[in-house]
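Adding 22 to a residue's 1-based position in the sequence shown gives its number in this note's numbering.
We put the CB at the ideal spot given by N, CA and C, even for glycine.
None of these values were measured; they are calculated from a predicted model.
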Amino acid sequence: MKTLKNHFTEAYDLFHHLTGLTWNLITRKFEAEEKVWQDFIKVC
């Protein structure tokens, strides 16, 4: 559980301030439109 919490915290910090990305509490995944993902991938 501690590892999962650490990974969530890292991912949340990474994506929190990016426009167009949201955290879905039901699926427990980040969601965004395809264009947002493509722009994010280009930066990484």
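Discussion item. Whole angstroms are fine: how far does the CA of N46 sit from the CA of E32?
Written reply: Position 10 of the sequence shown holds residue 32. Position 24 of the sequence shown holds residue 46. Counting only the Cα atoms, N46 lies some 16 Å from E32.
Worksheet item: From which residue to which residue does the beta strand (DSSP E) around E53 run?
Response: Taking the first residue of the sequence shown as position 1, residue 53 is located at position 31. From DSSP, the beta strand (DSSP E) with E53 extends over 51-53.
Item to complete: Could you name the residues of the same chain whose beta carbon sits closer than 8 Å to that of T44, not counting the 5 residues immediately before and after it, in chain order?
Response: Translated into positions along the sequence shown, residue 44 becomes position 22. If the five residues before and after T44 are omitted, its C-beta is found closer than 8 Å to the C-beta atoms of F52, E53, A54, all from its own chain and listed in chain order.
Discussion item. Going by C-alpha to C-alpha distance, which of I48, G42, R50 sits closest to Q60?
Written reply: The sequence position of residue 60 within the sequence shown is 38, counting from 1. Of I48, G42, R50, the residue nearest in Cα terms is G42.
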